[in-house]
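A.B. asks: Protein sequence lines correspond, in order, to chains A and B.
Following our numbering, the numbering of the first sequence begins with 7 at its first residue and continues without gaps.
Following our numbering, the numbering of the second sequence begins with 7 at its first residue and continues without gaps.
We treat Cβ as the ideally placed atom computed from N, Cα and C, and that holds for glycine.
I am attaching a structure below and will ask some questions about it afterwards.
Number of protein chains: 2
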Amino acid sequence: MKTLGRQKASAEERNELASGETEHPARARIISAAEVLFAELGFDGASIRQIALAAKVPLALVSYHFGSKEGLYRAIFELRAPSIVEQRKTGLLLADAEKDPERRLELVVKALLIPMLKLRREEKSARFGALLAREVSDPKSLDRGIIRDMFDPVARAFIQAMREVLPDRTNAEINWAYQVMIGAMVHVMGDAGRIVRLSDGACDPEDDQQTTVHIVSLLLAAVRHGSKM
Amino acid sequence: MKTLGRQKASAEERNELASGETEHPARARIISAAEVLFAELGFDGASIRQIALAAKVPLALVSYHFGSKEGLYRAIFELRAPSIVEQRKTGLLLADAEKDPERRLELVVKALLIPMLKLRREEKSARFGALLAREVSDPKSLDRGIIRDMFDPVARAFIQAMREVLPDRTNAEINWAYQVMIGAMVHVMGDAGRIVRLSDGACDPEDDQQTTVHIVSLLLAAVRHGSKM
DNA sequence: AATATTTTTGATCGATCGTTCAATCAATAA
DNA sequence: TTATTGATTGAACGATCGATCAAAAATATT
């Protein structure tokens, strides 16, 4: 990192705030606008000028607060990711308390999927799902390391949990099952209209209720009955 | 389309060639270089200058042959997609000939997945899978319409085939099952290292043999046992 | 051989990119 | 009040972008 902007210092000084909600309005507006534009146009496709325009702040203010374009990009994930990770960990704990192996597997799968699938429902971070989907499926994300740093730990926890619930599966089977779940989930989160188009409206990713029911059911069946015969 | 370049005319005149293999070397080198760079950096991330440099042709030659950056992008899909679509259609025909419903469903699933999963094995179009994965998960692809024009027809054929093999499923169930398959497949095709990293080497997407076995098994289980209880 | 056509080349266009800087405004501390 | 710090603003930097042009080279046609 060559330029840190004001992100680190201001983060230390704003720690009196509960969850960064009432933080500096300009900063928040920039992040909010960037979240939408990065999700729709990608990291390279969205320009700082577009973001500044959408946030109604002068161009230079973006570099001032976040140091660089990648600093802004990273700040979005640092704002949104902890909530997702925390919900997943909580879900894993709830699954641990369940003794029946069938129900326990179901709770593990739901703990992985639901915190993400319900993102579309939340007004303020509706596009973070699409942004995260982009980052997961972007080869350049390996350099940035955002996914690795923020999501790999909880991912390994899920894989370990699956190993415990399905002790007769090989390492490869467990991991492939996990990746199938991630792939299906990311596909749904990042979709921008092809699903509803191809299904003639039968599938609507905006309908979290229906989407969650179907996806969980399908992926639970995959994990339960796949790979082992 | 404002600029057509030379793509349309040359395509009409080169129709004496079997499959565009021995076509103009410069044109082919540009497409080949563009395929790699678009896959790694995305449409906006890769520049025409990078592509021309990698193809060892002058910058202006790219615009001459393909008219525009998007023209070049589209030319890649027009070169690679027909082969995939044809293989899928053939696989569907083979499935149609199978009378046992269990085996038939398996053939349908394999017809969808294998033509794509084996892409990594083919030297010349090894990165097309990653490029296609990018296009599928890019919201801007709706404007380009490449997926819609080239892949939607065969996609609908698959959905119809699944409807026939699973007559007791609702429209939504069939379509969600299809999207789960697409999502998992695209995730594997576009992965650039996270799968092997998270699994500590237990999963290797480069190993088509093992990858296909696991993915087909998992997704077949999802389609067979998912959604209906 | 002479002509016409297609392909290649180097140079350059205007536009936009991310970033930087000095000046100004706002808020707080002295 | 004055001094100090942080936040904001407008302007500009060099670099790179996609696209275009006229001239040269290569190829095809007559």
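1) Candidates Gln215/A, Val202/A, Glu92/A, Ile188/A: which alpha carbon is nearest glycine 196/B's?
2) Would you say leucine 148/A faces chain B, with C-beta separation under 8 Å as the test?
3) Mind pulling the alpha helix (DSSP H) runs of 4 or more residues that sit fully within the region 59 to 101 of chain B?
4) Spatial neighbours of aspartate 214/B within its chain, please: C-beta separation below 7 Å, excluding the five flanking residues on both sides.
5) Given a threshold of 16 other Cβ atoms within 10 Å of its Cβ, counted over all protein chains shown, does glycine 151/A qualify as buried or as exposed?
6) For threonine 217/A, report the span of its alpha helix (DSSP H) as first-last.
7) Can you give me the Cβ contacts of threonine 96/A inside the same chain, cut-off strictly under 6 Å, excluding the 5 residues immediately before and after it?
8) Between the Cα of arginine 110/A and the Cα atoms of Lys62/A, Val186/A, Leu98/A, Gly199/A, which residue gives the shortest distance?
9) Contact defined as beta carbons within less than 8 Å: I believe leucine 67/B pairs with alanine 32/B. What is the distance between those atoms, to the nearest angstrom?
10) In or out: glycine 199/B buried (at least 16 other Cβ within 10 Å) or exposed?
11) By how many angstroms is the C-alpha of proline 211/A removed from the C-alpha of threonine 218/A?
12) Check for me: the alpha helix (DSSP H) holding histidine 193/A runs from which residue to which?
13) Taking CB distances under 8 Å as the criterion, tell me whether arginine 126/B reaches chain A.
14) For the alpha helix (DSSP H) that contains alanine 132/B, what are its first and last residues?
15) Could you tell me which of Ala87/A, Ile201/A, Ala39/A sits nearest to proline 159/A, measuring between CA atoms?
16) Do you know how far the Cα of isoleucine 180/A is from the Cα of alanine 167/A?
17) Nearest-angstrom Cα distance between arginine 140/B and alanine 103/A?
18) Exposed or buried, what is leucine 65/A when buried is set at 16 or more other beta-carbons lying within 10 Å of its beta-carbon?
19) What is the residue span of the alpha helix (DSSP H) that glycine 199/A lies within?
20) From leucine 137/B to aspartate 155/B, what distance separates their C-alpha atoms?
21) Show which residues of chain B have a CB atom less than 9 Å away from the CB atom of lysine 48/A.
22) Rounded to whole angstroms, what's the CA-CA distance from leucine 78/B to serine 205/A? Just pull it up for me.
23) Check whether the Cβ of leucine 119/A lies closer than 8 Å to any Cβ atom in chain B.
24) Can you list, in chain order, the residues of its chain with a C-beta nearer than 7 Å to that of isoleucine 153/B? Leave out the 5 residues immediately preceding and following it.
25) Taking serine 223/A as the query, report the chain B residues whose CB atoms sit under 7 Å from its CB, ordered along the chain.
26) Could you give the distance in angstroms between the alpha-carbon of glutamate 27/A and the alpha-carbon of serine 38/A?
27) Listed from N- to C-terminal order along the chain, which residues in the region 84 to 106 of chain B have their beta-carbon within a distance smaller than 7 Å of any beta-carbon of chain A?
28) Should isoleucine 37/B be counted as a contact of the ligand ZN given a C-beta to heavy atom distance under 7 Å?
29) Please list the terminal residues of the continuous alpha helix (DSSP H) segment that includes leucine 148/A.
30) Starting from the beta carbon of serine 38/A, find every residue of chain B whose beta carbon is closer than 9 Å, and list them in chain order.
31) State the start and end residues of the unbroken alpha helix (DSSP H) segment that holds arginine 127/B.
32) Report all residues from its chain with a CB closer than 7 Å to the CB of tryptophan 182/A; omit the five preceding and five following residues, and keep chain order.
33) Please classify lysine 8/B as buried or exposed, where buried requires at least 16 other C-beta atoms within 10 Å of its C-beta.
34) What are the residues of the region 186 to 204 of chain B that lie near chain A, defined by any Cβ-Cβ distance shorter than 9 Å?
35) I need the DSSP call for leucine 123/B, collapsed to helix, strand or coil.
36) By a C-beta neighbour count over all protein chains shown, 10 Å radius and 16 as the cutoff for buried, is glycine 48/B buried or exposed?
C.D. replies: Inspection of the coordinates gives the following:
1) Nearest C-alpha to glycine 196/B: Ile188/A.
2) yes
3) Considered as a whole, the region 59 to 101 of chain B harbours 65 to 72 as its complete alpha helix (DSSP H) runs of no fewer than 4 residues, in chain order.
4) Counting only Cβ-Cβ distances below 7 Å, and skipping sequence neighbours, we find Leu123, Lys124, Arg126, Arg127.
5) exposed
6) 214 to 231
7) none
8) Closest option to arginine 110/A, Cα to Cα, is Leu98/A.
9) 6 Å
10) exposed
11) 9 Å
12) 177 to 196
13) The C-beta of arginine 126/B comes no closer than 8 Å to any C-beta of chain A.
14) Unbroken run through alanine 132/B: none, as it is neither H nor E.
15) Ala87/A
16) 10 Å
17) 39 Å
18) It is exposed - the Cβ of leucine 65/A has fewer than 16 other Cβ atoms within 10 Å.
19) Where glycine 199/A is concerned, there is no enclosing alpha helix (DSSP H), because DSSP gives it neither an H nor an E.
20) 16 Å
21) Reading off the sequence shown, one finds glycine at residue 48/A, where the question assumed lysine. Neighbours of glycine 48/A across chain B, judged by C-beta separation under 9 Å: Gly48, Phe49, Asp50, Gly51, Asp144, Pro145, Lys146.
22) 30 Å
23) Taking Cβ atoms only, chain B never reaches closer than 8 Å to leucine 119/A, which makes this a no.
24) Excluding sequence neighbours, isoleucine 153/B sits near Glu141, Val142, Ser147.
25) Listed by position along chain B, the residues whose Cβ is nearer than 7 Å to that of serine 223/A are Gly232, Ser233.
26) Because the pLDDT of glutamate 27/A is 44, which lies under 50, any placement of that residue in the model is unreliable, and the question is left without a value.
27) none
28) This structure simply doesn't include the ligand ZN, nor any ligand for that matter.
29) Note, leucine 148/A: alpha helix (DSSP H), 147 to 150.
30) Residues of chain B passing the Cβ test: none, with the nearest at roughly 18 Å.
31) Counting along the chain, arginine 127/B falls outside any alpha helix (DSSP H), and DSSP gives it neither H nor E.
32) Ser233
33) In this predicted model, lysine 8/B has a pLDDT of only 38, less than 50, meaning its place in the structure is not dependable enough to derive any value.
34) Val186, Met187, Ile188, Gly189, Ala190, Met191, Val192, His193, Val194, Gly196, Asp197, Ala198, Gly199, Arg200, Ile201, Arg203, Leu204
35) helix
36) Per the 10 Å Cβ criterion, buried.
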